[in-house]
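Chains as they are written, first to last, in this note's numbering: chain A, 16 to 131; chain B, 5 to 122. The structure appears below as structure tokens.
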């Protein structure tokens with residue numbers, strides 16, 4: 016079975032603070048893909064990043080960074096110097112190459128509120 | 005504009021009504037998806053179409069009926085819905101393959117159709 020857990024339901028931070036959104040996943044497949052999507056108030060999910068299971072290198076993109084650790088089955092997302100525009104619901108998701116060709120398993124999301 | 009357009013954005017219907025949700029993409033994608041987003045639940049995959057063929061039906065009740073006339077358009081026909089079907093219905097598209105879409109598929113989502121069933 017596949018499962019994605021985002022234990023933090025809601026987080027509030029003050030602007031310019033750093034914030035880390037946690038994601039823990041479960042899979043039996045050796046080849047899988049992890050994603051983060053952002054859902055702003057407008058509703059559409061916006062793709063942020065995809066990593067495959069063979070690439071554990073951390074990634075930084077501007078104020079965003081991702082920490083992928085297979086040993087703990089985690090794929091955490093950090094926003095540095097948060098801004099009000101970062102306020103959104105963030106989803107972590109998993110798909111498997113073996114069975115997940117058509118299926119992206121999402122976590123329940125973390126609602127981030129950045130207070131000015 | 006995300007590239008995936010959903011209409012209507014909001015829909016209120018009674019349990020005996022028949023209505024349809026529409027999704028359109030002009031990204032050249034060949035895979036299209038319907039997801040259901042309910043409060044405090046993970047997004048649930050409902051249907052997948054790859055090159056107009058349905059490749060996934062995730063045990064969705066028959067009161068939801070998808071239609072994919074071509075790779076750019078996807079519909080969700082609604083009939084005799086229940087109040088618990090009230091949710092945000094999200095359409096997405098992705099690059100299809102000759103077989104099934106791969107697990108690496110990055111999806112582009114629409115803004116959703118907010119459905120309320122009275």
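A virtual CB, placed ideally from N, CA and C, is assigned to each residue, including glycine.
I need the DSSP call for residue i, collapsed to helix, strand or coil.
i                      : result
residue 88 of chain B  : helix
residue 19 of chain A  : strand
residue 20 of chain B  : coil
residue 42 of chain B  : coil
residue 68 of chain A  : coil
residue 85 of chain A  : helix
residue 121 of chain B : strand
residue 28 of chain A  : strand
residue 100 of chain A : helix
residue 30 of chain B  : coil
residue 98 of chain B  : strand
residue 76 of chain A  : strand
residue 46 of chain A  : coil
residue 107 of chain A : strand
With burial defined as no fewer than 16 other Cβ atoms inside 10 Å of the residue's Cβ, what is the status of residue i: buried or exposed?
i                      : result
residue 19 of chain B  : exposed
residue 74 of chain B  : exposed
residue 94 of chain A  : buried
residue 40 of chain B  : buried
residue 33 of chain A  : exposed
residue 31 of chain B  : exposed
residue 14 of chain B  : exposed
residue 97 of chain A  : buried
residue 76 of chain A  : exposed
residue 21 of chain A  : buried
residue 34 of chain B  : buried
residue 54 of chain A  : buried
residue 118 of chain A : buried
Give a yes or no on whether the C-beta atoms belonging to residue i and residue j are separated by under 8 Å.
i                      : j                      : result
residue 80 of chain B  : residue 36 of chain B  : no
residue 42 of chain B  : residue 115 of chain B : no
residue 50 of chain B  : residue 121 of chain B : no
residue 82 of chain B  : residue 113 of chain B : no
residue 108 of chain B : residue 48 of chain A  : yes
residue 132 of chain A : residue 120 of chain A : Given that chain A is displayed from residue 16 to residue 131, the structure contains no residue 132 of chain A and the question cannot be resolved.
residue 127 of chain A : residue 102 of chain A : yes
residue 96 of chain B  : residue 119 of chain B : no
residue 27 of chain B  : residue 52 of chain B  : no
residue 23 of chain A  : residue 87 of chain A  : no
residue 30 of chain A  : residue 99 of chain A  : yes
residue 61 of chain A  : residue 129 of chain A : no
residue 89 of chain A  : residue 37 of chain A  : yes
residue 117 of chain B : residue 46 of chain B  : no
residue 70 of chain B  : residue 38 of chain B  : yes
May I have a chain-ordered list of the beta strand (DSSP E) segments no shorter than 3 residues that lie completely inside the region 51 to 91 of chain B?
For the region 51 to 91 of chain B, whole beta strand (DSSP E) runs of length 3 or above, ordered along the chain, are 57 to 61, 68 to 74, 77 to 83.
Cβ contact check for the region 109 to 128 of chain A and the region 37 to 45 of chain A: 3 or more pairs under 8 Å
Contact between the region 109 to 128 of chain A and the region 37 to 45 of chain A is established, with three or more Cβ pairs separated by less than 8 Å.
Check whether the region 60 to 72 of chain A touches the region 15 to 31 of chain B, counting contact only when three or more Cβ pairs, one atom from each stretch, lie closer than 8 Å.
The region 60 to 72 of chain A, when compared against the region 15 to 31 of chain B, does not touch it at the 8 Å Cβ threshold.
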